[in-house]
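In what follows, a single structure is set out as structure tokens and then discussed.
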Amino acid sequence: MRWSARLLVAASWISGAIFATYILAFFGGVALGGAAERWNESLPDLYGGSALLSTAAIGAHFMAGGVLLLLGPVQLIGSVRRNVPGLHRWLGRIYVISAGLAGLGGLGFILGKGTIGGPLMDVGFGIYGALMVLCAAMAYARARAGNYDEHRAWAIRLFALTVGSWLYRMEYGAWFLASGGIGTASGFTGWFDAIMMFFFYVPNLIVAELFIRARRRDRGAVAGFAAATVLLAATAFIIFATWSFTARSWGPRMISGITEAAL
Numbered sequence: 014m015r016w017s018a019r020l021l022v023a024a025s026w027i028s029g030a031i032f033a034t035y036i037l038a039f040f041g042g043v044a045l046g047g048a049a050e051r052w053n054e055s056l057p058d059l060y061g062g063s064a065l066l067s068t069a070a071i072g073a074h075f076m077a078g079g080v081l082l083l084l085g086p087v088q089l090i091g092s093v094r095r096n097v098p099g100l101h102r103w104l105g106r107i108y109v110i111s112a113g114l115a116g117l118g119g120l121g122f123i124l125g126k127g128t129i130g131g132p133l134m135d136v137g138f139g140i141y142g143a144l145m146v147l148c149a150a151m152a153y154a155r156a157r158a159g160n161y162d163e164h165r166a167w168a169i170r171l172f173a174l175t176v177g178s179w180l181y182r183m184e185y186g187a188w189f190l191a192s193g194g195i196g197t198a199s200g201f202t203g204w205f206d207a208i209m210m211f212f213f214y215v216p217n218l219i220v221a222e223l224f225i226r227a228r229r230r231d232r233g234a235v236a237g238f239a240a241a242t243v244l245l246a247a248t249a250f251i252i253f254a255t256w257s258f259t260a261r262s263w264g265p266r267m268i269s270g271i272t273e274a275a276l
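Mapping to the numbering used here: the sequence shown position 158 is 171, numbers consecutive.
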């Protein structure tokens, strides 16, 4: 159980770091190069020259999200918490602030412009943003109160949410590879699109709860084996999807964004 949990964290960190680099390099790079309209190459209608507040909100969401993916796994490393507590506290403050910016930035974009998928996507993504803000606030409050077990549990839940935007893309990619895009439609109006409006973060929270319970000594052998199986399956999916997306999308766009910023 211990090694399956550690393997999942390691795979998530590596994949999340690659995705975070893509976010910062592409979205930040093209913005610095004066070509922010290229954000729409990643997802339609992200950039709108006449909706500056909404554009700024989604920009804050992406930049803060990149920070979250890079810092999240560091905060979960037990040796860092024990041996360098000051670093853990300061990174934790940055993490909480970034989570708040990411969640509120996403909510601001939804309220100001709305998502391309309409009301159902607005609700699904809005709940996601609100949960990020809630988990960040609870993790901070529990740490301040000295309740470190609960603090750790809320931090794990927050980490599970922060990888949601990254998994959203990978899950879509895996679905298109496996089915050819059955259930998807323009404007995200297909039945699979509707499922994905919630699926990119609800299963993450379920895995997070398994992770939290895996740390407890009173678990039974059957429950431990089942949890380890789920964690290993999640790890295998992350490794496969990361390789596919880096080769097909993230890698080329990283280079494109860096090149745009350098021009």
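Note that CB positions come from ideal geometry on N, CA and C, so glycine has one too.
Continuous alpha helix (DSSP H) stretch holding residue i: start and end
{"i": "SER192", "result": "177-192"}
{"i": "THR68", "result": "65-89"}
{"i": "TYR35", "result": "15-35"}
{"i": "GLY46", "result": "Unbroken run through GLY46: none, as it is neither H nor E."}
{"i": "ILE208", "result": "204-212"}
For residue i, the nearest candidate out of the options (CA to CA)
{"i": "LEU180", "options": "PHE32, ALA18, ARG15", "result": "PHE32"}
{"i": "ILE27", "options": "MET267, THR255, TRP263, ILE268", "result": "THR255"}
{"i": "GLY264", "options": "GLY47, SER55, VAL22, LEU21", "result": "SER55"}
{"i": "THR272", "options": "GLY99, ARG19, GLY46, LEU120", "result": "GLY46"}
{"i": "ARG19", "options": "ILE90, GLY125, GLY41", "result": "ILE90"}
{"i": "LEU174", "options": "ALA73, GLY203, GLU222, ALA207", "result": "GLU222"}
{"i": "PHE172", "options": "TRP52, SER92, GLY79", "result": "GLY79"}
{"i": "PHE211", "options": "PHE189, GLY177, ALA241", "result": "GLY177"}
{"i": "ALA240", "options": "ALA143, ILE36, ILE225", "result": "ILE225"}
{"i": "TRP16", "options": "MET267, ILE268, ARG266, THR242", "result": "THR242"}
Contact under 9 Å by Cβ, residue i with residue j
{"i": "SER257", "j": "ALA166", "result": "no"}
{"i": "LEU244", "j": "VAL220", "result": "yes"}
{"i": "TYR150", "j": "GLY113", "result": "Position check: residue 150 holds Ala in this sequence, whereas Tyr was assumed. Against a cut-off of 9 Å, the Cβ pair of GLY113 and ALA150 comes out as a contact."}
{"i": "ALA154", "j": "ALA115", "result": "no"}
{"i": "ALA274", "j": "VAL87", "result": "no"}
{"i": "ALA38", "j": "GLY72", "result": "no"}
Residue i at chain B interface by Cβ criterion, 9 Å
{"i": "ASN96", "result": "Note that chain B does not occur in the displayed structure, where there is just one protein chain."}
Next item on the list: Can you check the segment 93-175 for any alpha helix (DSSP H) of at least 4 residues that lies completely inside it and give the ranges in chain order?
Entry: 98-125, 132-157, 161-175
Next item on the list: Specify whether the segment 101-112 and the segment 190-200 touch according to this definition: at least 3 beta carbon pairs, one from each stretch, less than 8 Å apart.
Entry: no
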